[in-house]
Amino acid sequence: MSEIIKNAEQIALIKRAVKIIDDCYEAVLKEVKGGMSEIEIANFIEKFVITHGGEGLSFDTIVAFGAGGAEPHHVPTDKKLEKGMLVTIDMGAVYGGYCSDFTRTFAYGEISDKQREIYDIVYEAQKRGVEATKAGISCHDLDAVCRDYITEKGYGDKFIHTTGHGVGRLIHEDPRVGKGTGTLLENGMVVTIEPGIYLEGEMGVRIEDTLVVGEGKLSALDTKLITIDR
Ligand SMILES: [Mn+2]
């Protein structure tokens with residue numbers, strides 16, 4: 022584990038790790054087509070990261086189609102991509118010994134009103150969390166920013182993990198951005214904001230960014246729903 026407050030050199034390494042993953046996600050969106058499996062996409066990601074300056078993955082990539090998205094730690098399978106599925110990809114790269122962590126959910130083909138509703142709730146919760154990530158807020162209160170919004174919308178019991186965590190040499194470091202963590206954010210801490218909603222047997226949505234407190238989110242990619250249709 023690295024220190025909870027990162028210095029400029031450490032932050033620069035994390036930014037490089039984030040950039041590799043941003044580029045990777047853009048490449049994935051160009052690569053995805055119907056009939057591809059979760060495993061094929063995960064393999065594409067690993068290859069991209071190690072051929073674009075990454076030392077490796079921060080953790081085993083999660084690629085989840087449709088109902089697989091209801092499992093926060095879904096392990097990629099040979100399930101094939103079909104129209105009407107949401108796809109959640111959670112991935113990270115290591116650069117100079119430091120990690121990045123990134124999740125997006127996109128639509129493949131036309132999705133239902135229910136899928137859109139869930140996406141929009143997670144989108145808004147994550148946006149509020151990102152905006153609230155500032156020095157002085159406690160991790161407990163930051164978690165509540167996302168959790169209270171999702172609860173207001175009726176899905177509080179479907180947001181089954183903490184809002185985020187510190188990132189550094191390890192993919193999960195202090196502070197834990199969750200209920201009961203009194204730690205106050207300070208400039209230079211690096212944390213994720215990653216609310217999600219998980220409907221068992223049906224679908225899931227998670228959106229995640231890595232942020233430097235005092236600087237904001239590091240990814241240059243926004244979180245609006247992207248639909249791939251080919
Ligand atoms: Mn994470």
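With positions in the sequence shown counted from 1, the corresponding number in the numbering used here is that position plus 21. Backbone N, C-alpha and C define an ideal beta-carbon position, used for all residues, glycine too.
Near ligand 1: residue i beta-carbon under 7 Å from a heavy atom
i      : result
Asp122 : yes
Thr213 : yes
His186 : yes
Glu138 : no
Glu67  : no
Glu229 : yes
Exposure of residue i, with buried meaning 16 or more beta-carbon neighbours within 10 Å
i      : result
Thr184 : buried
Gly75  : buried
Ala38  : buried
Ile181 : exposed
Gly22  : Checking the sequence shown, residue 22 turns out to be Met, not Gly. So Met22 counts as exposed.
Thr248 : exposed
Arg168 : buried
Arg251 : exposed
Lys54  : exposed
His95  : buried
Thr72  : exposed
Ala29  : exposed
Asp81  : exposed
Lys155 : exposed
Asp243 : exposed
Lys36  : buried
Lys135 : exposed
Lys51  : exposed
Ser240 : buried
Cβ distance (whole Å) where residue i is taken to contact residue j below 8 Å
i      : j      : result
Val313 : Val198 : What the structure shows of the chain is the stretch from 22 to 251, and residue 313 is not part of that stretch, so it cannot be assessed.
Pro97  : Ala63  : 4 Å
Asp164 : Lys200 : 6 Å
Glu179 : Tyr144 : The question names Glu, yet the displayed sequence has Lys at residue 179. That belief does not hold up - the Cβ atoms of Lys179 and Tyr144 are roughly 15 Å apart, past 8 Å.
Lys100 : Gly89  : 7 Å
Leu246 : Ala128 : 6 Å
Ile25  : Arg125 : No, Ile25 and Arg125 are not in contact; Cβ-Cβ is about 27 Å, not under 8 Å.
Glu92  : Leu78  : Glu92 to Leu78, Cβ: 19 Å. No contact.
Pro216 : Gly150 : 6 Å
Alpha helix (DSSP H) segment containing residue i, residue limits
i      : result
Ala114 : Taken as a continuous stretch (DSSP letters only), Ala114 belongs to no alpha helix (DSSP H), being part of the beta strand (DSSP E) at Ala114 to Tyr116.
Ile32  : Ala29 to Glu52
Thr72  : Glu59 to Thr72
Val151 : Asp134 to Ala153
Arg168 : Cys160 to Glu173
N- and C-terminal bounds of the beta strand (DSSP E) containing residue i
i      : result
His186 : Gly185 to Gly187
Tyr219 : Gly217 to Leu220
Asp122 : Unbroken run through Asp122: none, as it is neither H nor E.
Arg197 : Glu194 to Val198
Thr213 : Val211 to Ile214
Arg227 : Met224 to Arg227
Phe86  : Ile83 to Phe86
Asp178 : Run containing Asp178: none; DSSP gives neither H nor E here.
Leu232 : Asp230 to Val233
Test: residue i CB closer than 8 Å to a CB of chain C
i      : result
Pro196 : In the displayed structure, chain C is absent; only one protein chain is listed.
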